[in-house]
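> Here the sequence shown stands for residues 26 to 435, numbered as in my numbering. Sharing a structure below in C-alpha cells format, with a few things to ask.
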Amino acid sequence: MPVARRTSFHGWRQCWRLTNGLVRVTAVPQIGGRPLEYALGECNFLFIGKADLGASVDTQRGPGYRYFGGSFAQLHPEDRWMRLQSSYPPDLFMGRYEAEAAHGEGGAAALDLISPPDLASGTRLVRRLELFPGCTRLRITDTLTNLRPVSQEWGIHSILQLKGVAAPDGILRGNERPSGDLTLYVPLNAKSAHKGGVTYVTGGEGTRRGSEQWSTRELPGILTLRYAREFGKALVDPELPWAALADRRSGYVFVQKCRVPQKAILSAGAALAPYPFIEVQCFGTPTRLGPGETTMLVQDWWAACCPGPVVDVTQAGVVSSPLKLLQGGGRMWLAGAFGVFYVGRADLVFQAADGAELARLGCGFVTPLRPFALNRAAEVPARTARVILEIRDAAGRRVGDLGRLVLGVP
26 MPVARRTSFH GWRQCWRLTN GLVRVTAVPQ IGGRPLEYAL GECNFLFIGK ADLGASVDTQ
86 RGPGYRYFGG SFAQLHPEDR WMRLQSSYPP DLFMGRYEAE AAHGEGGAAA LDLISPPDLA
146 SGTRLVRRLE LFPGCTRLRI TDTLTNLRPV SQEWGIHSIL QLKGVAAPDG ILRGNERPSG
206 DLTLYVPLNA KSAHKGGVTY VTGGEGTRRG SEQWSTRELP GILTLRYARE FGKALVDPEL
266 PWAALADRRS GYVFVQKCRV PQKAILSAGA ALAPYPFIEV QCFGTPTRLG PGETTMLVQD
326 WWAACCPGPV VDVTQAGVVS SPLKLLQGGG RMWLAGAFGV FYVGRADLVF QAADGAELAR
386 LGCGFVTPLR PFALNRAAEV PARTARVILE IRDAAGRRVG DLGRLVLGVP
C-alpha cells in the first residue's frame, strides 16, 4: 500500500515522500510546495537546479527567482500577476508551505501542502498530492481560495519543469549538453484556434533558430520537441489532455494529463535560462471568485516503460505502435508496442457487433517497469466486430485498454 513519511532531500529537511513500490514522489514544502521528484525505478523525470539544492527564499529580501525546478503554481492573467509580484514576496510559488498527511481516495497516500497567504494576489493555494496503489498515478489537485473581501478573477497557472538532459536524479549543474535522449510529445487539436494546431512565440518550426528541435510533420497530429537546448516557446489548445516525455536512455516515459483550454511548451536554453529543461505550462480557466470562493486545477502524472515514440495515451498506458491485425502464411496475429501504467494482466477481447464477448485470449503479466510488446498468434472468431487489448489491475478490475480494432463483418 502507498505510504507517506517525512524525509530529507538534497539538503532540505522536513520534506515528504510518497511511495507505492513503483513510484517515488518527494515534495519540498519550503520552496512553494513543490514535488521535486517523481521517479519510476531510478529515473526522476523532474528537473532540479543543483546551485539551489537545500536553499529557500528569504521573503524579507523581497522577490527573486531561483531555479528550484519541479512542479509549482502561479496565477494568470499573467500581466496582472507579474505586476503584483514585483512588489511582494513570492509566497505562492517559492514561499514556505505547511505540510500534513491526509486521507487519500481509494487507498492513496495523500499529502496537503498549504501556502501562506499570498499578499500579492490575496489568495491561498492548497496542493493535494495523492499516490495510488498498484499503478504509477499521482494526482495533484490545486485549490485556490480568494482571501479578500471583494471579488477578483484568477486562473491557476501550473508549471511543470522536466529535465532536459537524461541525468537519472534530474539534478543539473547548468553546463550539460543535451544528448538527444529526451523527446516531448503533445497532441494537437484538429479544430485548433492556432493555424496548424500550434503558434510559435519564438524559436519554432520553420524558423532559423530552434527549427530542428520542433516538428509537426514527424507524427501526424502531434507536436514533437526533440530537446536541443535551443530557446523556443509554443502555444497549443489541445483537445486531448496529455503530454508525454520519453527518456530513451532509461526507456521510461512520463505522462502529464491536464485538461485545460490552453498550454504553453517552453524549451529553455541559450542565454535566457541557466539550465537545460522543458517546461509544460497549463492555464486553468480564469474564474471570478467571491470572498472565500475557490477554483481548482487537477492534473495526473503517470509513468511507464516504453522506448517511444508516443503516438497516443490511454487510460491504461502509452502507445508506441498501435494495435494491428496481421496476416500471412495462413496465420493471423495481433501486434503492437506499449507501456503500461498498472501492475496486472493483459487480454485480447473479441467482441461481436452487439458487444457480446466471443473469446478472450490472455497475453500475460504487465508492469510499468517493463515494456509491453505484443506479438500474439490468434484465431479470430467468425462474428468478431471489435478486438480490444484490455488491461486489468492486480485485483482483476478492468482499468482501460491500450487499443481497439474495428473489423468489417459481413
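Yeah, the Cβ is synthetic: ideal placement off N, Cα and C, and Gly gets one too. Nothing here was measured: the structure is a model prediction, and the numbers come from that model.
Using only the alpha-carbon positions, how far apart do PRO435 and GLY380 sit?
The predicted model places PRO435 with a pLDDT of 49, which falls under 50 and marks its position as unreliable, so this point remains unresolved.
> Is the separation between the beta-carbon of LEU150 and that of LEU169 shorter than 7 Å?
Contact: yes.
> Thinking C-alpha only, which one of GLY425, GLY66, PHE34 and ARG401 is nearest SER275?
Checked all of GLY425, GLY66, PHE34 and ARG401; the closest Cα to SER275 is GLY66.
> Residue ranges of each beta strand (DSSP E) run of no fewer than 3 residues wholly in the segment 51 to 121, ordered along the chain?
59 to 65 and 95 to 101, all fully within the segment 51 to 121.
> Taking 8 Å as the cut-off, does the segment 297 to 305 touch the segment 182 to 202 (at least 3 CB pairs, one atom from each stretch)?
These segments touch.
> Find out if the Cβ-Cβ distance for the pair PRO406, CYS331 is shorter than 7 Å.
No, the pair does not count as a contact, with Cβ atoms beyond the cut-off.
> According to DSSP, is LYS436 part of a helix, a strand, or is it coil?
Lying outside 26 to 435, the shown extent of the chain, residue 436 is not represented and no answer is given.
> Short check: CB of LEU138 to CB of GLY58, under 7 Å?
Yes, Cβ-Cβ distance for LEU138 and GLY58 is below 7 Å.
> I need the DSSP call for GLU415, collapsed to helix, strand or coil.
Three-state DSSP puts GLU415 in a strand.
> Under a CB-based cut-off of 7 Å, is ALA134 close to chain D?
Judged by its chain identifiers, the structure shown contains no chain D, having just a single protein chain.
> Please report how far the alpha carbon of VAL190 lies from the alpha carbon of ALA378, in whole angstroms.
Near 48 Å, if we compare the C-alpha coordinates of ALA378 and VAL190.
> Starting from the C-beta of ALA458, find all residues in its chain whose C-beta is less than 6 Å away, skip the five residues before and the five after it, and write them out in chain order.
There is no way to answer for residue 458, as the model of the chain reaches only from 26 to 435.
> Are there 16 or more other CB atoms within 10 angstroms of the CB of TRP37, so buried, or fewer, so exposed?
Label assigned to TRP37: buried.
> Buried or exposed for THR51, going by 16 or more other Cβ atoms inside 10 Å?
Buried.
> Spell out the partners DSSP gives TYR277 in its beta bridges.
For TYR277, which the question treats as bridged, DSSP gives the partners ASP272 and CYS330.
> Return the CA-CA distance between VAL28 and GLN55, expressed in angstroms with no decimal places.
Using only the alpha carbons, I get a separation of about 21 Å.
> Under 8 Å: do the segment 105 to 122 and the segment 39 to 49 share three or more Cβ pairs, one atom per stretch?
Result no; under three Cβ-Cβ pairs closer than 8 Å.
> Does ALA218 pass the burial test, meaning 16 or more other C-beta atoms within 10 Å, or should it be called exposed?
That one is exposed.
> Report all residues from its chain with a CB closer than 8 Å to the CB of ALA410; omit the five preceding and five following residues, and keep chain order.
GLN376, ALA377, ALA378, VAL431, LEU432 and VAL434.
> Taking all protein chains shown into account, do 16 or more other C-beta atoms lie within 10 angstroms of the C-beta of PHE390, making it buried, or fewer, making it exposed?
It counts as exposed.
> Report the option in GLU125, HIS128 and LEU109 whose CA atom is closest to the CA atom of ALA13.
Outside the shown range of the chain (26 to 435) lies residue 13, about which nothing can therefore be said.
> Going along the chain, which residues of its own chain have a beta-carbon closer than 7 Å to the beta-carbon of LEU310, five neighbours each way excluded?
According to the sequence shown, residue 310 is Thr rather than Leu. Cβ within range, chain order: GLY180 and PRO286.
> Please report how far the alpha carbon of PRO115 lies from the alpha carbon of CYS388, in whole angstroms.
Cα to Cα, the separation comes out at about 52 Å.
> Can you list, in chain order, the stretches of the beta strand (DSSP E) that have 3 or more residues and sit fully within the segment 282 to 367?
Entirely contained in the segment 282 to 367, the beta strand (DSSP E) runs reaching 3 residues are, in chain order, 287 to 292, 302 to 308, 312 to 314, 319 to 330, 342 to 353 and 356 to 365.
> Mapping DSSP to helix, strand and coil, what is GLY129?
In this structure, GLY129 counts as coil in the three-state DSSP scheme.
> Is LEU260 closer than 7 Å to ALA293 when the C-beta atoms are compared?
Cβ atoms of ALA293 and LEU260: not closer than 7 Å.
> Spatial neighbours of LYS216 within its chain, please: CB distance less than 8 Å, with the 5 preceding and 5 following residues excluded, ordered by chain position.
Here the set comprises GLU264.
> Are the beta-carbon atoms belonging to ASP194 and ASN69 less than 7 Å from one another?
A contact, by the Cβ cut-off of 7 Å.
> Could you check where the beta strand (DSSP E) with VAL391 kicks off and where it finishes?
Residues 382 to 391.
> Would you mind sorting LEU351 into buried or exposed? The rule is 16 or more other CB atoms within 10 Å of its CB.
By the 10 Å Cβ count, LEU351 comes out exposed.
> Measure how close the beta-carbons of TYR210 and ALA271 come, nearest whole angstrom, since I'm counting them as under 8 Å.
With 8 Å as the limit, TYR210 and ALA271 qualify as a contact, their Cβ atoms being about 7 Å apart.
> Can you tell me which residues form a DSSP beta bridge with ARG408?
None, per the DSSP bridge assignment.
> Return the bridge partner residues of TYR225 from the DSSP annotation.
Looking at the DSSP assignment, TYR225 forms a beta bridge with ALA259.
> Do you know how far the Cα of LEU197 is from the Cα of ARG254?
About 13 Å.
> Between the alpha carbons of VAL175 and ARG251, how many angstroms are there, rounded?
Whole-angstrom Cα-Cα distance: 46 Å.
> Excluding sequence positions up to five away, which residues of its chain have a Cβ less than 6 Å from the Cβ of ARG152?
The residues are GLY58, LEU138 and ASP167.
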